[in-house]
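Undergrad: Handing you a structure now.
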Amino acid sequence: MPNQAADRRPHLLIFRDAHPNVYATLSAAQRQQLVQQWSAWVDGLMAEGKMQSGHPLELGGSVVSGPRGERVTDGPYAEAKEAVAGYLFLTVKDFAEAQAIAKQCPSLPHGISVEVRAVAAFSPVLPDLRSRPGGGEG
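With positions in the sequence shown counted from 1, the corresponding number in the numbering used here is that position plus 323.
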């Protein structure tokens, strides 16, 4: 019998949300219904062993850039159409399954978009640098 865990691959769902004011227009009952939909979705993924972790992100943050990290700017910006709002870390059969899960996101009707990314075993731009976090090859 094949090892089902070995046949599964890690994927990340990255939630990019419209402005938080979108949710302010919902009634209390609509917000409660959305919370219940999210809870049922996440609980189902956990029960099926497809979701390992996930978290919402705070609204504010910063961006560090420059060759020595000398530029630090506040972000995300109010004028940005979408900001990263959170993520789910999945272990699923393939990219198509991760996409199918993303299509079930309860906030899609409210303007959220879900980026689906496969987690690479090693850096695709620096292949000699093997993954270190999480006990990868090294």
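Even for Gly, the Cβ is constructed at its ideal location relative to N, Cα and C. Quantities reported herein were computed from a predicted structural model and do not represent experimental measurements.
Is DSSP giving residue 433 helix, strand or coil here?
TA: As a position in the sequence shown, residue 433 is number 110, starting the count at 1. It is helical.
Undergrad: So what does residue 335 bridge to, in DSSP terms?
TA: In the sequence shown, residue 335 corresponds to position 12, counting from 1. Per DSSP, 412 and 440.
Undergrad: With 16 as the cutoff for other CB atoms within 10 Å, does residue 340 come out buried or exposed?
TA: Within the sequence shown, the letter at position 17 stands for residue 340. So residue 340 counts as buried.
Undergrad: I need the DSSP call for residue 397, collapsed to helix, strand or coil.
TA: Here residue 397 refers to the residue found at position 74 when the sequence shown is read from its first residue. Strand at residue 397.
Undergrad: The beta strand (DSSP E) spanning residue 375 covers which residue range?
TA: Translated into the one-based positions of the sequence shown, residue 375 becomes position 52. Here the beta strand (DSSP E) through residue 375 covers 374-379.
Undergrad: Pick helix, strand or coil for residue 330, following the three-state DSSP scheme.
TA: By one-based count along the sequence shown, residue 330 stands at place 7. Residue 330: helix per DSSP, three-state reduction.
Undergrad: According to the neighbour-count rule (16 or more other Cβ atoms, all chains shown, within 10 Å of its Cβ), is residue 338 buried or exposed?
TA: What you label residue 338 is simply residue 15 of the sequence shown in a count that begins at 1. Answer is buried; the Cβ neighbour count reaches 16.
Undergrad: In whole angstroms, what separates the C-alpha of residue 460 from that of residue 424?
TA: Residue numbering aside, residue 460 sits at position 137 when the sequence shown is read from its first letter. Residue numbering aside, residue 424 sits at position 101 when the sequence shown is read from its first letter. Reliability of the predicted coordinates at residue 460 is poor, the pLDDT of 46 falling under 50, and no value is obtained from them.
Undergrad: Taking the C-alpha atoms as reference points, what is the distance between residue 394 and residue 431?
TA: Residue numbering aside, residue 394 sits at position 71 when the sequence shown is read from its first letter. Residue numbering aside, residue 431 sits at position 108 when the sequence shown is read from its first letter. If you take the alpha carbons of residue 394 and residue 431, they lie about 34 Å apart.
Undergrad: Is the beta carbon of residue 534 sitting closer than 9 Å to the one on residue 412?
TA: Because the chain here runs from 324 to 461, residue 534 falls outside it and cannot be looked at.
Undergrad: According to DSSP, simplified to helix, strand and coil, what is residue 387?
TA: Against the sequence shown, residue 387 aligns to sequence position 64. Residue 387: strand per DSSP, three-state reduction.
Undergrad: For residue 417, which of helix, strand or coil comes out of DSSP?
TA: Translated into positions along the sequence shown, residue 417 becomes position 94. If DSSP states are grouped into helix, strand and coil, residue 417 belongs with coil.
Undergrad: When you compare the CB positions of residue 383 and residue 398, do they come within less than 9 Å of one another, or not?
TA: Residue numbering aside, residue 383 sits at position 60 when the sequence shown is read from its first letter. Residue numbering aside, residue 398 sits at position 75 when the sequence shown is read from its first letter. Cβ atoms of residue 383 and residue 398: closer than 9 Å.
Undergrad: Any idea if residue 347 is buried or exposed, counting beta-carbon neighbours within 10 angstroms, 16 or more meaning buried?
TA: Taking the first residue of the sequence shown as position 1, residue 347 is located at position 24. The residue is exposed, with fewer than 16 neighbouring Cβ atoms inside 10 Å.
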